[in-house]
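Structure, as structure tokens:
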Amino acid sequence: MFEKAVTGGRRYWAWVSGLLVVMGLALLAYLRQLDVGLAVTGLSRDVTWGLYIAQFTFFVGVAASAVMVVLPYYLHDYKAFGRITILGEFLAISAVTMCMLFIFVDMGQPRRVLNVMLYPTPHSMMFWDMLSLGGYLALNAVIALVTLGAERKRVAPPRWIKPVIIVSIPWAVSIHTVTAFLYNGLPGRSFWLTAILAPRFLASAFAAGPALLILLCLIMRKLTWFDAGREPVRKLAVIVTYAMLLNVFFIALELFTALYSQIPEHVEHFEYLFLGLGGQAPLVPWMWTSSVLAVASLILLLVPSLRRREPVLAVICVMVFSSLWIDKGLGLIVGGFVPSPFGAVTRYAPTLTEVLIVLGIWALGCLMVTVFYKITLAVREEVAAS
Amino acid sequence: MSISRRGFLGAAAGLSALALAGRSALETQPREPEPGGGTPAAGTRWALVIDPRKCLEAGDCTKCVDVCHTVHNVPAIAEPAHSVKWIWKEPFERTFPSLQTDYPPDDLRDKPVMVLCNHCDNPPCVRVCPTQATWRRDDGIVMMDWHRCIGCRYCMAACPYGSRSFNWKDPRPSLVQTTPDFPTRSKGVVEKCTLCEERLAKGQPLACVAACPAKALVFGNLADPASEVRSLLRSRFTIRRKPELGTRPAIYYIV
Numbered sequence: 000m001f002e003k004a005v006t007g008g009r010r011y012w013a014w015v016s017g018l019l020v021v022m023g024l025a026l027l028a029y030l031r032q033l034d035v036g037l038a039v040t041g042l043s044r045d046v047t048w049g050l051y052i053a054q055f056t057f058f059v060g061v062a063a064s065a066v067m068v069v070l071p072y073y074l075h076d077y078k079a080f081g082r083i084t085i086l087g088e089f090l091a092i093s094a095v096t097m098c099m100l101f102i103f104v105d106m107g108q109p110r111r112v113l114n115v116m117l118y119p120t121p122h123s124m125m126f127w128d129m130l131s132l133g134g135y136l137a138l139n140a141v142i143a144l145v146t147l148g149a150e151r152k153r154v155a156p157p158r159w160i161k162p163v164i165i166v167s168i169p170w171a172v173s174i175h176t177v178t179a180f181l182y183n184g185l186p187g188r189s190f191w192l193t194a195i196l197a198p199r200f201l202a203s204a205f206a207a208g209p210a211l212l213i214l215l216c217l218i219m220r221k222l223t224w225f226d227a228g229r230e231p232v233r234k235l236a237v238i239v240t241y242a243m244l245l246n247v248f249f250i251a252l253e254l255f256t257a258l259y260s261q262i263p264e265h266v267e268h269f270e271y272l273f274l275g276l277g278g279q280a281p282l283v284p285w286m287w288t289s290s291v292l293a294v295a296s297l298i299l300l301l302v303p304s305l306r307r308r309e310p311v312l313a314v315i316c317v318m319v320f321s322s323l324w325i326d327k328g329l330g331l332i333v334g335g336f337v338p339s340p341f342g343a344v345t346r347y348a349p350t351l352t353e354v355l356i357v358l359g360i361w362a363l364g365c366l367m368v369t370v371f372y373k374i375t376l377a378v379r380e381e382v383a384a385s
Numbered sequence: 000m001s002i003s004r005r006g007f008l009g010a011a012a013g014l015s016a017l018a019l020a021g022r023s024a025l026e027t028q029p030r031e032p033e034p035g036g037g038t039p040a041a042g043t044r045w046a047l048v049i050d051p052r053k054c055l056e057a058g059d060c061t062k063c064v065d066v067c068h069t070v071h072n073v074p075a076i077a078e079p080a081h082s083v084k085w086i087w088k089e090p091f092e093r094t095f096p097s098l099q100t101d102y103p104p105d106d107l108r109d110k111p112v113m114v115l116c117n118h119c120d121n122p123p124c125v126r127v128c129p130t131q132a133t134w135r136r137d138d139g140i141v142m143m144d145w146h147r148c149i150g151c152r153y154c155m156a157a158c159p160y161g162s163r164s165f166n167w168k169d170p171r172p173s174l175v176q177t178t179p180d181f182p183t184r185s186k187g188v189v190e191k192c193t194l195c196e197e198r199l200a201k202g203q204p205l206a207c208v209a210a211c212p213a214k215a216l217v218f219g220n221l222a223d224p225a226s227e228v229r230s231l232l233r234s235r236f237t238i239r240r241k242p243e244l245g246t247r248p249a250i251y252y253i254v
């Protein structure tokens, strides 16, 4: 099937080469980081995790969101999602791959990555995160290849794939729950020490992921012959609405608990993010942008007549995705480290090297989605033609 | 978990110590061996008692820091963002944030106190490490294997005391002098105080303790009721950093 990815028009190859150039630059940046060490990043003794781990966290959400098309189709027999289920699964495969790379580039000793498997440590949440992410990648790869292969041969998928698909549903929930547990159980990091972190992660995932899927459907309608149809896009918009509503509600719960209790170590992180602390306010404009986008997109989503108009919906989806990217892919990780255990407010700003590496992983994700979707469309074209 | 620990304690030879000092025995008796090994020493729980006032009397003295960092090949890195520290000074109020009083005594206000790895009984860093590159020995020392560490820095996120340092770059060019009988580290690994386990193994005192002209740091065995640390804990009021987190540090401060 993969041979279908190496035939394409000029626009396709221009896009692919553009992505390859970005990936090449990122590789150079990574080689520099490998040579010098993580000193080339903006990370420090106080802010030990930054953009890499934050992007990892955000894309775990994108990966988990595949469940939002898989579950209605396979559990509730919601036929309208039949044509886009595999798109969700391929998006999940690409996102999980990005997550693994974000973890990898964050490691100080990447040559020793296998130590996590050589010395399995069940009391470390990272061990479970490795298992859940790896398992989710394998599940989706098997499901996507088997169902697409069956579609190509114009036969029903083999019966054994159904239980695998059913397992992938709770598994999607597990990847984001375990990822929340990475941060959730650390004494002394009050910003993350909140039982609502995992539900919050899931809510934001189920808003950001389907928002991205809507955008991908709309882009494909524009650029290719494939039309996902109005019905599934509308249904996805309803899912985004509910998830975003929960996400904003959960953040409001966090804010109430911290701000009404007025316990300094709970308030300070929010203060740093939204008002600035100790004269430092690098994330303040970002966090307010995220909040305004969240509330504005939610208001637009709640009006059905607006949500149903696809150009408006496209704008809403960009707003939702950007808002949640800032919230999770920026604020959540850095905000947890400031102030430090000694109360220090340490500035973190990603360096060019760091940004290039992140862009390279994004480019790889885009390339994977492009290739997977191209193969899917080629298979469907072939089936339709015969 | 706590039941099995109690069962272990009951079976252990430290039963008499348990009867002698209920509270501290519960906190100080050796636990089940951690995966990853270590040299068990029955009835041993190493600890430090630090007297910040004695330390302050010595003025700007940094002898413990200098000696520790020299014998352990700790690099001297100027930028605070990338600094590596095993023992250092922090302002009293920042070290004990939950003890904030608007009117602290003059002899402690803003004054620095020595901080280092707390060698917790219940160390979060050990709990989170995905490779057991950091583990707790039966004598209470929280150890590090610099050859197994993958540099994920999860332990740094987990440590509520900021006690861990990461080698953001190759530390060797920043070594003023190299002590040949102690390893140097490579870039990309986490390191911290290991309570001079290499010196303890040879029966030598801790480097910081031996270097202190004011005798502000007292080292000893908490499991031995006759030890100097136990006698200090009996006679003076001591505090530990962030006890509310349940980590049970083995570094005590006399206030």
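Taken in order, these protein sequences are the chains called E and B. Sequential numbering of the first sequence, starting at 0, is according to numbering that gives the first Met the number 0. Sequential numbering of the second sequence, starting at 0, is according to numbering that gives the first Met the number 0. Think of the CB as a built atom: it goes at the ideal place given N, C-alpha and C, for glycine as much as any other residue.
is_contact[ASP169 of chain B, chain E] using C-beta, thresh 9 Å: With a threshold of 9 Å between beta carbons, ASP169 of chain B makes contact with chain E.
Three-state secondary structure assigned by DSSP to GLY35 of chain B: Confidence at GLY35 of chain B is low in this model, with a pLDDT of 39, below 50, so the placement of that residue should be treated as unreliable; the coordinate-derived value is given next. Looking at GLY35 of chain B - three-state DSSP - the assignment turns out to be coil, as it is neither helix nor strand.
CB contact flag (GLU243 of chain B, SER82 of chain B, <9 Å): Their beta carbons are not under 9 Å apart, which means GLU243 of chain B does not touch SER82 of chain B by this criterion.
Closer than 9 Å to chain E by CB, TYR102 of chain B: Closer than 9 Å: no.
PRO90 of chain B beta carbon less than 9 Å from that of LYS110 of chain B: Contact flag set, yes.
Cβ-Cβ distance between THR130 of chain B and TYR118 of chain E below 9 Å: Cβ distance < 9 Å, so THR130 of chain B and TYR118 of chain E count as in contact.
First and last residue of the uninterrupted alpha helix (DSSP H) at ALA143 of chain E: Unbroken alpha helix (DSSP H) run through ALA143 of chain E: 124-151.
Alpha-carbon spacing of ALA222 of chain B relative to PHE249 of chain E, whole angstroms: Roughly 47 Å between the two C-alpha positions.
Alpha-carbon to alpha-carbon, LEU214 of chain E and MET67 of chain E: Cα to Cα, MET67 of chain E sits roughly 15 Å from LEU214 of chain E.
Whole-angstrom distance between ILE250 of chain B and GLY36 of chain B, CA atom to CA atom: Here GLY36 of chain B scores only 40 on pLDDT, less than 50, and its place in the model is too uncertain to base an answer on.
Inside the segment 7-31 of chain E only - alpha helix (DSSP H) runs reaching at least 4 residues: The alpha helix (DSSP H) runs of length 4 or more contained entirely in the segment 7-31 of chain E do not exist; there are none.
Outcome for ALA91 of chain E when other beta-carbon atoms lying within 10 angstroms are tallied against a minimum of 16: ALA91 of chain E should be labelled buried.
Same chain only: Cβ atoms within 7 Å of ARG247 of chain B, ignoring 5 sequence neighbours per side: For ARG247 of chain B, where only same-chain residues beyond five positions count, the Cβ hits under 7 Å are GLU26, CYS119, ASP120, ASN121.
Whole-number beta carbon distance between ALA94 of chain E and GLY275 of chain E, since they are thought to touch under 8 Å: With 8 Å as the limit, GLY275 of chain E and ALA94 of chain E do not qualify as a contact, their Cβ atoms being about 33 Å apart.
Cα-Cα separation, PRO123 of chain B to VAL73 of chain B: Each residue's CA atom was taken as its position, placing PRO123 of chain B and VAL73 of chain B some 23 Å apart.
Residues that TYR259 of chain E contacts on chain B, provided the C-beta gap is smaller than 9 Å: In chain order: nothing, as chain B lies at least about 20 Å away.
Cβ-Cβ distance between GLU353 of chain E and LEU50 of chain E below 9 Å: Yes, they are a contact pair.
Beta-carbon neighbours of SER93 of chain E, restricted to chain B and to distances below 7 Å: The contact set of SER93 of chain E on chain B, defined by CB atoms closer than 7 Å, is empty, because the minimum CB distance reaches about 23 Å.
CA-to-CA distance, VAL112 of chain E to VAL273 of chain B, given in whole angstroms: Any answer about residue 273 of chain B is impossible in this case: the structure gives chain B only from 0 up to 254.
Option in B:PRO224, B:LEU205, B:THR237, B:GLY245 with minimal Cα separation from VAL64 of chain B: Selected option, being the one with the closest Cα: B:LEU205.
Min CB distance ILE343 of chain E to chain B below 9 Å: Here residue 343 of chain E turns out to be Ala, not Ile, going by the sequence shown. Taking 9 Å as the CB threshold, ALA343 of chain E lines the interface with chain B.
Residue from E:GLU381, E:ARG44, E:ILE374 with nearest C-alpha to LYS191 of chain B: Closest option to LYS191 of chain B, judged by alpha-carbon separation, among E:GLU381, E:ARG44, E:ILE374: E:ARG44.
Interface flag, VAL127 of chain B vs chain E, CB-CB below 9 Å: Taking Cβ atoms only, chain E reaches closer than 9 Å to VAL127 of chain B, which makes this a yes.
Sequence-distant residues of the same chain with beta carbon closer than 7 Å to ARG233 of chain E, five excluded per side: Listed in chain order, the non-local C-beta contacts of ARG233 of chain E below 7 Å within the same chain comprise ARG307, local neighbours out to five positions each way being set aside.
6 Å CB neighbourhood of PRO121 of chain E in its chain, flanking five on each side removed: Cβ neighbours of PRO121 of chain E beyond the five flanking positions: none.
Rounded separation between GLY134 of chain E and THR96 of chain E - CA only: In a straight line, the C-alpha of GLY134 of chain E is about 12 Å away from that of THR96 of chain E.
Under the three-state DSSP convention, the category GLU125 of chain B falls into: Note on residue identity: the sequence assigns Val, not Glu, to residue 125 of chain B. Here VAL125 of chain B sits in helix by DSSP.
Beta-carbon proximity list for ILE356 of chain E, same chain, < 8 Å, skipping 5 on both sides: When the five nearest sequence neighbours on each side are left out, the beta carbons in the same chain lying within less than 8 Å of the beta carbon of ILE356 of chain E are those of ALA25, ALA28, TYR29, GLN32, TYR51, VAL104, in order along the chain.
Extent of the continuous beta strand (DSSP E) run through PHE218 of chain B: That run of the beta strand (DSSP E) goes 216-220.
Beta-carbon neighbours of SER164 of chain B, restricted to chain E and to distances below 7 Å: For the C-beta of SER164 of chain B, the chain E residues within less than 7 Å are, from N- to C-terminus, ARG44.
Nearest-angstrom Cα separation, counted from ALA63 of chain E out to ILE174 of chain E: Rounded to whole angstroms, the separation of the alpha carbons of ALA63 of chain E and ILE174 of chain E is 7 Å.
Pairwise C-alpha distance: SER167 of chain E and ILE160 of chain E: Distance from the CA of ILE160 of chain E to the CA of SER167 of chain E, rounded to the nearest whole angstrom, comes to 11 Å.
Cβ neighbour criterion (16 or more within 10 Å) applied to HIS71 of chain B: By the neighbour-count criterion, in which 16 or more other beta carbons inside 10 Å mark a residue as buried, HIS71 of chain B falls on the buried side.
Span separating the alpha-carbon of THR240 of chain E from that of ILE253 of chain B: Distance between the alpha carbons of THR240 of chain E and ILE253 of chain B is about 57 Å.
For VAL172 of chain E and ARG240 of chain B, the rounded distance between their alpha carbons: If you draw a straight line from the Cα of ARG240 of chain B to the Cα of VAL172 of chain E, it is about 37 Å long.
Residue burial classification, TRP224 of chain E (beta-carbon count within 10 angstroms, cutoff 16): Exposed: under 16 other Cβ atoms inside 10 Å.
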